[in-house]
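There are 2 protein chains.
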Amino acid sequence: MKRPTIDDVARQSGFSLSTVSLVINDRGYVSAETRRKILEVVGRLGYHPTRSARGLASRTSGNVGFILTEDHFSQAEPFYTRIFLGTEFESRNFHYYILLTTVPSVGSHIETPRFLLERHVDGVIIAGKVSHKLIEHVESFGVPIILVDYEVKRRRYSAVLIDNRAGAHLAVRHLLATGRSAIGFLGGDIDHPSIAERLEGYREVIAESGKEELISTAETETRSANGFSAMQDLWNRGVRPDAVFAANDAMAIGGMQFLKQQGVRIPEDIALIGFDDIDTCRVMDPPLSSIRVFKEEMGRIAVQRLVDMITAKTTTVVTTHVPVELVVRASSAPIEVDVGAPGQPSLQA
Amino acid sequence: MKRPTIDDVARQSGFSLSTVSLVINDRGYVSAETRRKILEVVGRLGYHPTRSARGLASRTSGNVGFILTEDHFSQAEPFYTRIFLGTEFESRNFHYYILLTTVPSVGSHIETPRFLLERHVDGVIIAGKVSHKLIEHVESFGVPIILVDYEVKRRRYSAVLIDNRAGAHLAVRHLLATGRSAIGFLGGDIDHPSIAERLEGYREVIAESGKEELISTAETETRSANGFSAMQDLWNRGVRPDAVFAANDAMAIGGMQFLKQQGVRIPEDIALIGFDDIDTCRVMDPPLSSIRVFKEEMGRIAVQRLVDMITAKTTTVVTTHVPVELVVRASSAPIEVDVGAPGQPSLQA
DNA sequence: TCAGCTTCTCGAAACGTTTCGATCGCTAAG
DNA sequence: CTTAGCGATCGAAACGTTTCGAGAAGCTGA
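So the sequence lines, in the order shown, correspond to chains P and S.
Here this note's numbering is used: the first residue of the first sequence is 1, the next is one more, and so on.
Here this note's numbering is used: the first residue of the second sequence is 1001, the next is one more, and so on.
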């Protein structure tokens, strides 16, 4: 009871190996009649080509590598995880599988992902901030690369990026529109292009409005604990903000914890808005306003672009900016208006 | 500038293909001197065997399949995702890659995962509740299988399970210990073995304590929205609970939203505890007590067991029950004691 | 009529490994 | 002194595809 091979199909259909192969791959010239007969045998035998054999002969693996730093991977905040899931989902449509691997975080030595050594991937997705050395190293294996949520200035790589500037504009304009005037920025890890862009966006709108900047970017990471410290920093200066735009939701969460601990009321005394729109936003009390980032969508686009690069052999560099969306929840409600019962289950997605 | 093959290593070292292969796979009899020489050439050339060729010749893929229903996959609650990440992490230690695929949820027709058709995996991990037909179908491909967080009564499969009963005992005993007396159970999807066991555990402790059962299991799913309805149901009966044990955190979250909306104070009027200990618990207000499930650990164990089965060719059925842990937060604080400022950043992990 | 396409099919050569005997010299057991 | 067994190495045969080049047959236009 062995599995049928392409030989069996050839023998039973009366055609040669090569012709069967052409039919299976839907390539070259094959008469309709021949195709029909061969497919009939394929169906009857339940034949399906074997990946390894196909890979060996055609020098393709049918896999795509996904590289993530250990930091991002182990982070509780499921941001990159969502992007990864998006790639997983989309890759099915192109008959690829995703091989995930983590690499030591920025600064450490480079460890070559095994899937590159084994020629086990046809292209690579790199998500988040990684060392440039690593990117160049991956490149040296001659596979197409696409970056997600990261950019390299010196050299142009295809990338899928968040429209951070637009998002920051939305957030800050929203805070201004609700009547706030002293608007702070809760930042950290300012080296990350995404964070830097959010800060720029903030600055642009603040400048335009004639208000004063109120910025904290001393923290080196953008986790919840850093948000706590950053908010503390911001709160104990001369000017107290009546609204804060956080570089991401994790920081906003930490910031909210600090404010609650101080007995500051949200949104009555201070409005708060984050960035990313992670799931947690909805269950917080008050629910956290945020800039929605379509994380799964970013993963999907990355796969589409990468498959383009793999199949078309094109070397064109394509940068895609994925739009964002303002999601208003109770944490940034206008001061005057009744906010509604806190903790009410939000109807928005 | 081609990559070196095993041929190159053989030629340059002066030994045969077979001997080089033996050295690379660390198998069979090779003298220390020969090994040294060959490894020297391997190092010098930067040789690394190609997966496809190896796979073809040895009939192994070096991959492990991970099957998840679409429901579980797209669920916001990152429970199975964490298990998946655990498998990802552990698989590196065994030089395997994980291929994730989703299947239509229970009830639909069976769609054979492509990695099985292509002989692209050496074993399969199935997570969560799936149809028995699917399991049998996967089995028919002759690869080892391990279930995670699911059991089949009729037939014994190796499985990695949560110690749900013990968890339920911990939760309910904890509620009793804090002075609560009318303890409710917020359930749903009672067909799921894990949920059923949590209910059983609840019942056992309640019976032992001489109190009365107060159970809602009408809901068919265990999402947040169902928790909202189930709590509503429980709340509007004759006896009002002063503590509730929810079948999982998602339901507890929904329940909490309902209670807040009613103006019920937590934990003063009612204590609440969930199950799973998802990340969200910590940022809720009040932070939600829960039974911690070591999700990544479950994934790791699954990989270890599966690799055992793949390499040792053993057919022994091994069931592992992963212990759980009680995590007390403000939502289940005793009535008398001062709870501390709400929303205070919890120091526990 | 003939050269030059196009359509269709096939044989054979890769692709880069593992694995299965076979051989050979040496040592230990009988 | 045999003989069995082990350590070390090798040649050759898989493993199951894709791909390349060639050839036959039919059609088209000059």
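Here a beta-carbon is modelled for each residue, glycine too, at the ideal position from N, C-alpha and C.
DSSP-derived helix/strand/coil call for residue i
i              : result
residue 1338/S : Confidence at residue 1338/S is low in this model, with a pLDDT of 48, below 50, so its placement is unreliable and no value can be given for it.
residue 1127/S : strand
residue 1095/S : coil
residue 161/P  : strand
residue 1063/S : strand
residue 292/P  : strand
residue 1139/S : helix
residue 1346/S : Since pLDDT at residue 1346/S reaches only 40, below the 50 mark, its modelled position is unreliable, and no value is offered.
residue 83/P   : helix
residue 1191/S : coil
residue 1249/S : helix
residue 399/P  : Since the first and last residues shown for chain P are 1 and 349, residue 399/P lies out of range.
residue 1198/S : helix
residue 1115/S : helix
residue 1284/S : coil
residue 120/P  : coil
residue 26/P   : coil
residue 1207/S : helix
residue 1330/S : helix
residue 1040/S : helix
residue 1232/S : helix
residue 1167/S : helix
residue 90/P   : helix
Short Cβ contact (8 Å threshold) for residue i with residue j
i              : j              : result
residue 160/P  : residue 301/P  : yes
residue 157/P  : residue 130/P  : no
residue 1014/S : residue 1022/S : no
residue 1166/S : residue 1324/S : yes
residue 365/P  : residue 209/P  : For residue 365/P there is no data in the structure shown, the boundaries of chain P being 1 and 349.
residue 70/P   : residue 105/P  : yes
residue 1224/S : residue 1289/S : no
residue 1065/S : residue 1125/S : yes
residue 1350/S : residue 1188/S : A question about residue 1350/S goes unanswered here, because the residues of chain S that appear run from 1001 up to 1349.
residue 1204/S : residue 1174/S : no
residue 298/P  : residue 128/P  : no
residue 1179/S : residue 1078/S : no
residue 1285/S : residue 285/P  : yes
residue 291/P  : residue 326/P  : yes
residue 1052/S : residue 52/P   : yes
residue 1094/S : residue 1303/S : yes
residue 97/P   : residue 1099/S : yes
residue 152/P  : residue 145/P  : no
residue 1310/S : residue 1191/S : no
residue 1082/S : residue 1296/S : yes
DSSP beta-bridge partners of residue i
i              : result
residue 1103/S : 1069/S
residue 1216/S : 1186/S
residue 1320/S : 1160/S
residue 271/P  : 243/P
residue 146/P  : 125/P
residue 325/P  : 292/P
residue 954/S  : With chain S covering only 1001 through 1349, there is no way to say anything about residue 954/S.
residue 1276/S : 1292/S
(request) Please confirm if the segment 272-282 of chain P is in contact with the segment 111-127 of chain P, defined as three or more CB-CB distances below 8 Å between the two stretches. (result) For the pair of segments examined, the segment 272-282 of chain P was found not to touch the segment 111-127 of chain P: the number of CB pairs separated by less than 8 Å stays below three.
(request) Report yes or no: do the segment 1319-1336 of chain S and the segment 1181-1195 of chain S share at least 3 C-beta pairs separated by less than 8 Å? (result) With contact defined as three or more Cβ pairs closer than 8 Å, the segment 1319-1336 of chain S and the segment 1181-1195 of chain S are not in contact.
(request) Indicate whether the contact test is met: 3 or more Cβ pairs, each with one atom in the segment 1176-1187 of chain S and one in the segment 1229-1245 of chain S, closer than 8 Å. (result) Flag = yes, the segment 1176-1187 of chain S and the segment 1229-1245 of chain S touch.
(request) Identify each residue in the segment 1265-1285 of chain S for which the Cβ-Cβ distance to at least one residue of chain P is less than 7 Å, and report them in chain order. (result) Taking 7 Å as the Cβ-Cβ cut-off against chain P, the residues of the segment 1265-1285 of chain S that qualify are 1279, 1280, 1283, 1284, 1285.
(request) Answer yes if the segment 267-277 of chain P comes into contact with the segment 51-61 of chain P, meaning at least three C-beta pairs across the two stretches below 8 Å, and no otherwise. (result) Verdict: no, contact absent.
(message) At a CB distance below 7 Å, what residues from the segment 1053-1069 of chain S approach chain P? Give them in sequence order.
(response) Result list: 1053, 1055, 1056, 1061.
(request) Decide yes or no for the touch test of the segment 214-228 of chain P against the segment 243-257 of chain P: beta carbon pairs closer than 8 Å, at least 3 of them. (result) Two segments are said to touch when three or more pairs of C-beta atoms, one from each, lie closer than 8 Å; by this definition the segment 214-228 of chain P touches the segment 243-257 of chain P.
(request) Mind the definition here: the segment 36-53 of chain P touches the segment 1025-1044 of chain S only if three or more C-beta pairs lie below 8 Å; say whether that holds. (result) They do not touch, by the three-pair rule.
(request) Below 9 Å between beta carbons is the criterion; list the residues of the segment 1245-1262 of chain S that meet it against any residue of chain P, in chain order. (result) Along the segment 1245-1262 of chain S, going in chain order, the ones with a CB nearer than 9 Å to a CB of chain P are 1253, 1254, 1256, 1257, 1258, 1259, 1260, 1261.
(message) By the 8 Å beta-carbon criterion, what residues does the segment 1106-1137 of chain S contribute toward chain P?
(response) Those would be 1114, 1115, 1117, 1118, 1119, 1120, in chain order.
(message) Using a Cβ-Cβ cutoff of 8 Å, what residues of the segment 295-309 of chain P are near chain S? List them in chain order.
(response) Using a CB distance below 8 Å, no part of the segment 295-309 of chain P faces chain S.
(request) Closer than 9 Å, Cβ to Cβ, to anything on chain P: give me those residues from the segment 1086-1102 of chain S, in chain order. (result) Here the close residues are 1088, 1089, 1092, 1095, 1097, 1098, 1099, 1100, 1101, 1102.
(request) Residues of the segment 32-53 of chain P with a CB closer than 8 Å to any CB of chain S: list them in chain order, please. (result) Residues passing the 8 Å Cβ filter: 48, 49, 50, 51, 52, 53.
(message) Under 9 Å, CB to CB, which of the residues in the segment 1-21 of chain P have a partner in chain S?
(response) Of all residues in the segment 1-21 of chain P, 3 have a Cβ within less than 9 Å of some Cβ in chain S.
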